[in-house]
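Under our numbering, the first residue of the sequence shown carries the number 413, and numbering increases by one thereafter.
Here's the structure, in structure tokens; my notes come after.
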Amino acid sequence: MTGKTVSRRQFLKHAGATAALLGLSEAMIPQLAKALEELAAGKPPVIWIQGQNCTGCSVSFLNSNYPGVAELVLNDLSVRYQPNVMGGTGQTAVEAIDQTLQNAAGKFVLVVEGPVPTKENGDFCTFGLGSGTKKLMGNTVPNDKPIAEWIKQLAPKAAAVIANGNCASFGGIPAANASVTGTTPVPKYISSLGGKMPPVVNVGGCPSHPDWFVGTVLEALLFLSGKGKLNLNSNNMSKTFFGQLIHENCERRASFDSGLFLEDWNQADPDMKLCMFKQGCKGPVTYADCCVRRWNSKVNWCVGANGPCHGCASPNFYKELSPLYEPLANTNFAGISTAPDVLGWVAAGATAVGVGAHYLYKQLGEKPKDTAEGGEK
């Protein structure tokens, strides 16, 4: 394929859009542009494989606009294998992985979408051909290669691993019934392999926001090139995107502080913007920037569309946050403050009050017991 020529002005515009995506100041654009030029010259290889997934994170990635997915795939990165966008099929496609292992060991980024099933020899999720043969309907056929075997082969030779989406990072929906398939989050599975492994960075969301994934990949590449750092939280997620509670920036926060809760879906007036905590909103325990970044090219987000946050970026999604349309239990969460004029017992300047306690106080008119800081770890 022939190279694509862009002007310096176009490239700086691209770098500016990327800086905005990462939440960086304009002062960082020159440094980012220089780093991207060096990265583009080397065309960092990317191998993207899929485990127990619904392909939602891949579809979300295709909605990336700043920069566009075509620019990323063709200009900034060298996507060697991605089952939904690559042109090759069958053995030709798999050969792209083999060639990358031979020519770019220690230099490529491994992206895994979906968790790893480990029961039944991993046969719940396979692609390509493994070693040996098996009997199938009376015929001898080659063994399929489980995703677990692919990760064993690829992870030790990768420069970094990106677990894309809640399912890959923390188990997500497949982990709700892990006893059947042996669903294992990617970081946990890689850790179980032992030996020296590359850093694993998690991207939350079900699906992941295209900005979260693209921004995390670029942060990882800048880190690997020595031009940046990985600023991760305790769940190995980028603080750029997962550094604040959704609740703190929610457009309905004022209703929460005032005790104005949505009581009945059938009698709701969307224009009132009532807090949906009683209807199962998980924004008080979910760290993400959905309310600021929004989805579909910044058009809207769950709460803006009159639906509660389901907490899909939280490591506790799905099993520990279900049922989705029921309120959180009486649990304490750090980093949530309430207006003193609403809760008279809150001392001025208080920085943390349990959401569940606040909820019960509104319901029962009783002062809750002392709260302790908690939150995600």
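Ideal Cβ placement from N, Cα and C applies to all residues, glycine included.
Check S543 in the structure and name its three-state DSSP category. strand
Following the continuous alpha helix (DSSP H) through L633, name the residue where it begins and the one where it ends. 622–636
According to DSSP, what are the bridge partners of T593? T593 is not bridged to any residue.
Opening and closing residue of the alpha helix (DSSP H) in which K564 lies: 559–566
Classification of W460 by the beta-carbon crowding that lies within 10 angstroms, buried from 16 upward: buried
For A762, collect the residues of the same chain with a Cβ closer than 6 angstroms to its Cβ; drop the 5 residues on either side in sequence, then sort them by chain order. For A762, the predicted model reports a pLDDT of 31, less than 50, meaning its position is unreliable and no value from the coordinates is stated.
Classify G534: buried if its beta carbon has 16 or more other beta carbons within 10 angstroms, exposed otherwise. buried
How many angstroms separate the CA atom of D683 from the CA atom of S603? 48 angstroms
Is it true that the stretch 611–626 meets the stretch 571–579, where meeting means three or more beta-carbon pairs spaced less than 8 angstroms apart? yes
Under 8 angstroms, do K694 and L740 count as touching if we go by C-beta distance? yes
Could you give the DSSP three-state label for F668: helix, strand or coil? helix
The alpha helix (DSSP H) that contains Y601, what's its start and end? 598–605
Thinking G463 and I559 are a contact (beta carbons under 8 angstroms), I'd like their distance in whole angstroms, please. 5 angstroms
Measuring only the C-alpha atoms, how far is V524 from Q679? 43 angstroms
Should the stretch 512–522 be called in touch with the stretch 533–547, which here means at least 3 C-beta pairs below 8 angstroms? no
Between P599 and C469, is the Cβ-Cβ spacing less than 8 angstroms? no
Buried versus exposed, by CB contacts within 10 Å (16 or more), G640: buried
On the CB-based measure, 16 or more other CB atoms within 10 Å of its CB, does P554 come out buried or exposed? exposed
Any idea what DSSP makes of W707, helix, strand or coil? strand
Cβ-based neighbour list, N496, same chain, cut-off 7 angstroms, excluding 5 preceding and 5 following: T467, S470
What are the complete beta strand (DSSP E) segments, minimum 3 residues, inside the stretch 455–540? 457–462, 490–493, 521–525
On the criterion of 16 or more Cβ atoms from any shown chain inside 10 Å, does T552 qualify as buried, or is it exposed? exposed
List the residues that DSSP assigns as beta-bridge partners of D556. L541
Using 8 angstroms for Cβ pairs, my map puts S667 next to L686. What's the rounded Cβ distance? 5 angstroms
Looking only at DSSP bridge pairs, what is S650 linked to? L644
Between the alpha carbons of F673 and S490, how many angstroms are there, rounded? 49 angstroms
Can you name, in chain order, every residue of its own chain whose Cβ lies under 7 angstroms from the Cβ of M609, other than the five neighbours on each side? A567, P568, I602
In terms of residues, what are the limits of the beta strand (DSSP E) holding A575? 572–576
Under 8 angstroms between the Cβ atoms of Y792 and A588? Lying outside 413 to 789, the shown extent of the chain, residue 792 is not represented and no answer is given.
Mapping DSSP to helix, strand and coil, what is L657? strand
P677 to R492 span [Cα, whole Å]: The sequence shown places Trp at residue 677, rather than the Pro named in the question. Each residue's alpha carbon lies about 47 angstroms from the other.
Give every residue of the same chain whose Cβ lies closer than 8 angstroms to the Cβ of K690, excluding the five residues on either side of it in the sequence, and list them in chain order. F673, L674, E675, P739, Y771
Tell me which same chain residues have a C-beta within less than 6 angstroms of the C-beta of G583, skipping the five on either side of it? P527, T595, P597
How is C579 classed by DSSP in three states: helix, strand or coil? helix
From L522 to E507, what distance separates their C-alpha atoms? 16 angstroms
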